[in-house]
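Quick note, this note's numbering runs 9 ahead of the 1-based positions in the sequence shown. Note that the Cβ used here is the ideal one computed from N, Cα and C, for glycine as well. Everything numeric in this text was worked out from a predicted model, so none of it was measured.
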Amino acid sequence: MLLFNKVIMMQKIISKILIDNNLTIDNFCEYFFEKVTILRVLVPEDTDLNHYFEIMNSRGEQLEKHEILKAKMLEILEDDNLKYAFNLIWEATSNMEKYVQYGFSVAQRDELFGKNDWNNLVGKDVVYQKLQIPTSNQTTEEALTISQLLVKTAKPITDNSSNTDESPDRFNTIINFSNFLLHNLRIQTKSDVPLDDKRLLELVEPYLKNEDKKEFVKQFGYNLLKSKFYFDKYVIKREFAKGTDHWSLKRLKWYDGNKVSYVNTFDADNAETNDGTNREILMLLSMFHVSNPTLVYKHWLNASLKFVVEYSGTNLANDYKTYLENLAKAFLNDRYLAKNQKDFFEIIYTNEGQQKNSSTNIDTNKFNQGTAVENFIFNYLDYLLWQDYRADKNCFKIKNGQAFADNRVKDFEYTFRSSVEHYYPQHPIDENLILKEQDADWLDNFGNLCLISGSKNSRLSNFMPAAKKDYYTGSPTIDSIKQRIMMEYEHWDTNGTNNRNEIKRTQRENDGNTEKIKRAATNTGFAKWRVKCFYYSLLQGSSLVFQLNIYASNSPSSPSRKPFPPILSIQNQKTPYQSW
């Protein structure tokens, strides 16, 4: 009776619409059957359906662009089996929080990713061959009329296809699905596709009008599966486990009984180390990510995906790490420090991630721009410092020629630090300590800068270095390795010719000699006495060496303590570094 009443109500509503708009029933039927598309929307268990539909109806929610794109591509495929396979792939890859294998049944995983393995993807033709519409003897679902469906008691759907301890929110992806589609499109077409998911439909539309559009869509579907498969294994995620969260680079490991766990991608199956190649690649990827967290600027991600998807060598771990390190140098020298900047697409697709600029096209003044210095430069320096600390702690000799030890450097993890801090403040709380005239120029020098979180910079910006050092004492983590080295110095302010702390002693020398900051600016942010100059390490791998003047209290490299003028000279050297 309830159903009958609803039908009568619908008839009245339709009749009113027809009369109000001067339409016939034929007009309505033509519109309904030709223009209206009915979609099935899956919602999570325990969803309040009445509330859900109330919200949808009142807000007029529109389809996502990727949902419209999927419908357009399915229409092009025509063949039902191809549509079925393409739809499975799309649904499996669209959940960016879960590994793609979980988008398929156990039987399908065995077919697509290898039986008793799930870590090897088959080719395109095999994928579409294996993902076929189930025959009548492969499914227990029965075809029912609408009336039968309405009176049938719904049975809960259980998924026994996976046995894992994975919680739904264990992994947090660094990208959304719409943006991931654009990365896939750029890699497939080798065209400079903007990574702006608001333009998804307009960017894909031209390829859906070509004569080979059906083959394009088939290839796009397979590439989507392949890209997601490699993305899961070879790109970082944020992992939440055992009450903590951290960056992870992990793959699935299969066990008897179709059980799985997560192990480091580039370590042995049972080796959960924090020192090997897996950690180095993780550090490189997280360095890129925190430097460019905005989706439209994730060119590094496109480069990383392109490399692993197209890789055909035999030592992926080593080659991937080398590629990422070269890519970092190319970003630094061909983009961030270049007099004539190269486009990211050119760096990745034309130059294959290799640096092309010579020393004549590098503008070192870009180091000394205060808060305008690119975040990437600070993050890249922290990576080099982290590597050097792991290799030889003797590089870090600051006080009395003794290397300092701090496990927080070894265990350093990138966080979203976006605020450039002046270690010696621009506006000290004590106005007597403000640097003026020529001395003030050293405030924006790279040696006096470090990258920290915006909240900490807001809280500490006007404090003197000694107070900042006290704030960080005892902290379980460090914001920056460069900052940690800066804090190793006993003094960080202006000094008179007698090498004593004149400003703290008198608090009146507003125009005193800022030799300490000058020395720090030409040495630190790196401070590696007698080993390498700072700029060589930052421009590691090039023949360009910036010879620096070193002079600091307790520096073993300057026993005469004769102050040099703070001049930065550039010279081309064959040798890898210059010692003093």
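Rounded to the nearest whole angstrom, the C-alpha separation of residue 400 and residue 84 is 57 Å.
DSSP lists 347 as the beta-bridge partner residues of residue 371. Restricting attention to 310, 435 and 456, the CA atom closest to the CA of residue 449 is found in 435.
Put simply, of 107, 496, 369 and 304 the residue whose alpha carbon is nearest the alpha carbon of residue 239 is 107. Residue range 253 to 257 is occupied by the beta strand (DSSP E) that includes residue 253. Rounded to whole angstroms, the gap between the alpha carbons of residue 480 and residue 192 is 42 Å. In this structure, 87 is the residue among 87, 364 and 314 with its C-alpha nearest to the C-alpha of residue 223.
Residue pairing of residue 461 in beta bridges, as defined by DSSP: 428.
Apart from sequence neighbours up to five positions away, the residues of its chain that approach residue 250 with a beta-carbon distance below 8 Å are 179, ordered along the chain. In terms of CA proximity to residue 495, 475 leads the group 475, 359, 211 and 483. Between the stretch 354 to 369 and the stretch 322 to 340, the count of C-beta pairs closer than 8 Å reaches three or more; the two stretches touch. Distances from the alpha-carbon of residue 424 to those of 384, 26, 42 and 244 put 384 closest. Taking C-beta atoms as the reference points, residue 300 and residue 388 count as a pair closer than 9 Å. Ranked by how close their Cα comes to the Cα of residue 204, the residues 304, 117 and 272 have 304 in first place.
The three-state reading of DSSP puts residue 492 in helix, counting H, G and I together.
DSSP links residue 270 through a beta bridge to 262.
In this structure, residue 293 lies away from residue 268, with their beta-carbon atoms at least 9 Å apart.
Counting only unbroken stretches of 4 or more residues, the alpha helix (DSSP H) elements lying wholly within the stretch 281 to 352 are 286 to 300, 308 to 319 and 325 to 340, in sequence order. CA-to-CA, the gap between residue 246 and residue 412 works out to about 34 Å. Residue 462 places its beta carbon less than 9 Å from that of residue 426. About 18 Å separates the Cβ atoms of residue 489 and residue 452, ruling out a contact at the 8 Å cut-off. Each residue's CA atom was taken as its position, placing residue 258 and residue 285 some 12 Å apart.
Note on geometry: alpha-carbon atoms of residue 405 and residue 274 lie some 31 Å from one another. Taking a C-beta distance under 9 Å as the contact criterion, residue 102 and residue 186 qualify as a contact pair.
Taking every protein chain shown into account, the CB of residue 289 has 16 or more other CB atoms within 10 angstroms, so this residue is buried.
Nearest in C-alpha terms to residue 136, of all of 104, 99, 144 and 377, is 99. Take the alpha-carbon of residue 26 and the one of residue 104: they are about 40 Å apart. Closest option to residue 311, judged by alpha-carbon separation, among 228, 501, 327 and 201: 201. Between the alpha carbons of residue 455 and residue 217 lies a gap of roughly 50 Å.
For the pair residue 333 and residue 491, the CB atoms are not nearer than the 9 Å cut-off.
Boundaries for residue 277: no alpha helix (DSSP H) harbours it, and the DSSP string shows neither H nor E there. Ranked by Cα distance from residue 231, the first of 318, 308 and 298 is 318. Put simply, the backbone Cα of residue 396 is about 37 Å away from that of residue 131. Residue 94 counts as buried, since no fewer than 16 other beta carbons sit within 10 angstroms of its beta carbon. Between residue 115 and residue 241, the gap from beta carbon to beta carbon reaches 9 Å or more. CA-CA distance, residue 486 to residue 473, rounds to 21 Å.
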